[in-house]
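As structure tokens, the structure follows; a few thoughts come after it.
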Amino acid sequence: MDAKSNRSSNPKLDNSPRSLKHMLSEHTRAEIDRWLTKYPPEQKRSAILAALREAQHENDGYLTTDLMDAVATYLDLPSIAVYEVASFYSMLETESVGHHSISVCTNISCLLRGAEKIVGHVEKKLGVKVGESTSDHRFFLKREEECLAACCGAPMMMIDHKYYEDLTPEKVDEILENLK
Numbered sequence: 001m002d003a004k005s006n007r008s009s010n011p012k013l014d015n016s017p018r019s020l021k022h023m024l025s026e027h028t029r030a031e032i033d034r035w036l037t038k039y040p041p042e043q044k045r046s047a048i049l050a051a052l053r054e055a056q057h058e059n060d061g062y063l064t065t066d067l068m069d070a071v072a073t074y075l076d077l078p079s080i081a082v083y084e085v086a087s088f089y090s091m092l093e094t095e096s097v098g099h100h101s102i103s104v105c106t107n108i109s110c111l112l113r114g115a116e117k118i119v120g121h122v123e124k125k126l127g128v129k130v131g132e133s134t135s136d137h138r139f140f141l142k143r144e145e146e147c148l149a150a151c152c153g154a155p156m157m158m159i160d161h162k163y164y165e166d167l168t169p170e171k172v173d174e175i176l177e178n179l180k
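Everything in the sequence shown is counted per the UniProt record's numbering, starting at 1 for the first residue and increasing by one.
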């Protein structure tokens, strides 16, 4: 069954093509369709994570209930299947957050090389605690980050999916000042 015929399963959402088109951009739908080709037709759930990441990216970094419902409708899945994925993965946000998402790795290699000092410095520099956004909504300091698989560059952080390694407070200041 193609995605265009999957629009009747979610009663909370206006399932008309016009409404769905409004909720999910043409680019997002194309990305979802690309991911769907990677799995057997009966395994559409496998594309949920990729669909949510793309939808989040195009929605100022977070997912609304309506947007998750639109993904569920597009994939012809129950909304709860999409909500489960959205609430499980720390890379997905279900509340409005700052424009730049900052994740400081606090796993063992980074911890042993000063991650706590880096987290404290970022909190002080931005005037927020972990899990908060700055008042201007420019930055969001994520609650947690497990290993980002860059242990050789510890301590490290990821900002908007870009890695920054061998951090010092001075290097963090320079990185943050260069973000637009």
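Glycine residues also receive a C-beta, built at the ideal position from the N, C-alpha and C atoms.
Can the beta-carbon of residue i be found less than 8 Å from the beta-carbon of residue j?
| i | j | result |
| --- | --- | --- |
| residue 138 | residue 100 | yes |
| residue 79 | residue 86 | no |
| residue 188 | residue 49 | Since the displayed the chain opens at 1 and closes at 180, residue 188 lies outside it and no answer follows. |
| residue 60 | residue 96 | yes |
| residue 111 | residue 56 | no |
| residue 39 | residue 47 | yes |
Using three-state DSSP, classify residue i as helix, strand or coil.
| i | result |
| --- | --- |
| residue 161 | coil |
| residue 172 | helix |
| residue 101 | strand |
| residue 96 | coil |
| residue 135 | coil |
| residue 177 | helix |
| residue 145 | coil |
| residue 90 | coil |
If residue i sits next to residue j, beta carbons under 8 Å apart, how far is it from one beta carbon to the other, in whole angstroms?
| i | j | result |
| --- | --- | --- |
| residue 105 | residue 68 | Not confirmed; about 28 Å, so no contact. |
| residue 63 | residue 28 | In fact, because the Cβ distance is near 12 Å, the residues do not count as touching under 8 Å. |
| residue 122 | residue 102 | 6 Å |
| residue 127 | residue 141 | Not a contact, Cβ separation roughly 10 Å. |
| residue 176 | residue 125 | 6 Å |
| residue 163 | residue 154 | Contact flag wrong, Cβ pair sits at about 11 Å. |
| residue 32 | residue 74 | 6 Å |
| residue 66 | residue 23 | 6 Å |
May I ask whether a heavy atom of the ligand NAD can be found less than 7 Å away from the beta carbon of residue i?
| i | result |
| --- | --- |
| residue 64 | The model on display carries no ligand, and the ligand NAD is accordingly not part of it. |
Need the endpoints of the alpha helix (DSSP H) that residue i sits in, please.
| i | result |
| --- | --- |
| residue 119 | 115-126 |
| residue 111 | 108-112 |
Let's see if you can read the secondary structure: which residues bound the beta strand (DSSP E) around residue i?
| i | result |
| --- | --- |
| residue 141 | 139-141 |
Does residue i come within less than 8 Å of chain C when only Cβ atoms are used?
| i | result |
| --- | --- |
| residue 90 | No chain C is present in this structure, which holds just one protein chain. |
**OP:** Please list the segments of the alpha helix (DSSP H) lying wholly inside the region 11-84, counting only runs of 4 or more residues, in order along the chain.
**Re:** Segments of the alpha helix (DSSP H) lying fully in the region 11-84: 17-23, 26-36, 48-57, 65-75.
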